[in-house]
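Engineer: The structure's right below; bear with me while I get my questions together.
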Amino acid sequence: MANLEIGIEFWPWNDCRELLSNGARALKSYPFSHLWMCDEFQYEDAITTLAVMAMELDVSVGTMVTFPWRNPLELAQRFASISKLARPGRRASLGIGAGGAVQVQVIGEKKNPVDVMAESVQLLRGLLRGESVPLAQFPKLAARFRYNTKTSAKLYFPPPMPVPVYLAAGGPKMFEVAGKHADGVIFSQIVATTSLPAVKAGFLKNAVNQVEAVRAHGDAPLKKLYNLHISVSRDGHKARQWAKRNASYGLAGAYIRYPEVLKRIGIDPEEVAPVAEAYLQGKGVEEAARRISDSLLARSGMVFSGTPEDCISSCRELKGHLAEMDFDHLVIGVPLGPNIPEAIDLLTTEVIPNILN
């Protein structure tokens, strides 16, 4: 962990010009190795924004994360193009996950099956390595996107170097897929199985062991990334209220996928049910956030929030656990804070220096 990379993540809740400005501000204040964007329907287009960032800023870029409701053929094509726009020595990375509460407001399918995720990762990796890939090897994707299984797909303008594909994983089956097929695995604080309470209970260590045990049979190292989530402001109350937006996303996903894990980390799923219902009924993130009490926010451990002083001790505790497991990349993740420029300044001058020392 001596060479731990530090990245920063933005969500597409701002205009693309604001996102570019925020990225430039962050890089001016701290030498982040990567700028990451979460991909969501209905908001600003994350992949277009990443292309602009790759051109305008001296930094590597990537999704944390996109999802296979987007056609993997299209994703591979777009990331191959982004990789050519990046500055010398920089690259594009493709983080992908099964999807979450924000998407299911407009998607009838509530989650992507494990075999869809496995096929997506394999197809993306093949295409982004410049290979010709027989589409018959991907029956689930072929049925979903009506691929012609009598032919192969390839990128006629492949990336100058392979684009790594990282899988966001929260459960045993996805850990196995990550270990078997991906270039790396993303663990996120807003997933119940890898939130701070779960980390303290040993869930993350077990997950890392499972992924690495699968990967031991492979021929390439596996990158381990952790997506920390934080909301910081001089006004601690505002920071906590803003944190509820992202906490609602994580809690709703946990209610849908991992209700038994909620119980194991001391949260009654019935307390979370109204949060999930806000998304399932199409009422959106604002209503879901309103349904989270200050107590539930704190107990979930999914987003660290408050003043810099409030956040530093929790961040240090988490970083200590990551160091023991030899993580490669720590992402300072969304929502960052109610005022993004202020949050960037506080994170780069007060929070990050205090958690890395």
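At position 240 of the sequence shown (counting the first as 1) the number is 346 in my numbering, and the numbers step up by one without a gap.
The beta-carbon is built from N, C-alpha and C at its ideal position, and this holds for glycine as well.
Note that the structure is predicted; figures quoted are calculated from it, not measured.
Can you tell me the Cα-Cα spacing of Glu392 and Arg351, whole angstroms?
Structural biologist: Roughly 7 Å between the two C-alpha positions.
Engineer: Got a sec? Which residues, its chain only, sit under 7 Å from Val457 by beta carbon, not counting five neighbours each side?
Structural biologist: Result list for Val457: Val338, Pro414, Cys417, Ile418 and Cys421, in chain order.
Engineer: Please give the ranges of any alpha helix (DSSP H) in the segment 333–409, keeping only runs that are unbroken, at least 4 residues long and fully inside the region.
Structural biologist: With a minimum length of 4 residues, the continuous alpha helix (DSSP H) runs that stay inside the segment 333–409 are 342–363, 365–370, 375–386, 390–396 and 400–406.
Engineer: Can you tell me where the beta strand (DSSP E) holding Met431 begins and where it ends?
Structural biologist: Premise fails: Met431 is in no beta strand (DSSP E) and is neither H nor E.
Engineer: Start and end of the beta strand (DSSP E) containing Ser294?
Structural biologist: Note, Ser294: beta strand (DSSP E), Gly290 to Ser294.
Engineer: For the structure I just gave you, are there three or more beta carbon pairs, one from the segment 357–364 and one from the segment 382–390, closer than 8 Å?
Structural biologist: Short answer: they touch.
Engineer: Are there 16 or more other CB atoms within 10 angstroms of the CB of Tyr262, so buried, or fewer, so exposed?
Structural biologist: Counting Cβ neighbours within 10 Å, Tyr262 comes out exposed, since fewer than 16 surround it.
Engineer: DSSP three-state call for Pro303: helix, strand or coil?
Structural biologist: Here Pro303 sits in helix by DSSP.
Engineer: Measuring only the C-alpha atoms, how far is Arg346 from Ala298?
Structural biologist: Their backbone Cα atoms lie some 19 Å apart in a straight line.
Engineer: Going by C-alpha distance, which of Gly412, Gly277, Leu273 and Val314 is nearest Gln340?
Structural biologist: Checking the sequence shown, residue 340 turns out to be Arg, not Gln. Closest option to Arg340, Cα to Cα, is Gly412.
Engineer: Quick check: what's the CA-CA separation for Met431 versus Lys256?
Structural biologist: Going from the Cα of Met431 to the Cα of Lys256 covers about 44 Å.
Engineer: Comparing C-alpha positions only, which one of Lys286, Ala130, Val269 and Ile450 sits nearest to Ala326?
Structural biologist: Closest by alpha carbon: Lys286.
Engineer: Out of Gln228, Trp175, Leu191 and Ala198, which has the shortest C-alpha to C-alpha gap to Ala204?
Structural biologist: It is Trp175.
Engineer: Going straight from the alpha carbon of Tyr55 to that of Ala132, what length do you get?
Structural biologist: The requested residue 55 does not occur in the structure, where the chain is confined to residues 107 to 463.
Engineer: Leaving out five residues on either side along the sequence, give the residues of the same chain with a beta carbon under 8 Å from the beta carbon of Val165.
Structural biologist: Only Gly129, Leu133, Phe138, Ser139, His140, Leu141, Met159, Arg193 and Arg196 meet the Cβ criterion.
Engineer: Which stretch, first to last residue, makes up the beta strand (DSSP E) that contains Thr172?
Structural biologist: Start and end: Ser166 to Thr172.
Engineer: If you compare alpha carbons, which of Phe309, Ala307, Gly324 and Met267 is closest to Gly290?
Structural biologist: It is Gly324 whose Cα lies nearest to the Cα of Gly290.
Engineer: Counting only the same chain and skipping the five closest in sequence on each side, list residues whose C-beta sits under 7 Å from that of Leu181.
Structural biologist: Within the same chain, Leu181 has close Cβ partners Thr172, Leu200 and Leu230.
Engineer: According to DSSP, is Glu115 part of a helix, a strand, or is it coil?
Structural biologist: In the structure shown, Glu115 sits in a strand (DSSP, three-state: E or B).
Engineer: Just how far apart, CA to CA, sit Arg405 and Ala449?
Structural biologist: Straight-line Cα distance between these residues: approximately 23 Å.
Engineer: Please report the residue range of the alpha helix (DSSP H) in which Met143 lies.
Structural biologist: Run containing Met143: none in the alpha helix (DSSP H); it sits in the beta strand (DSSP E), His140 to Met143.
Engineer: Going by DSSP in three states, Ala275 sits in which element: helix, strand or coil?
Structural biologist: Ala275 falls in the coil class under three-state DSSP.
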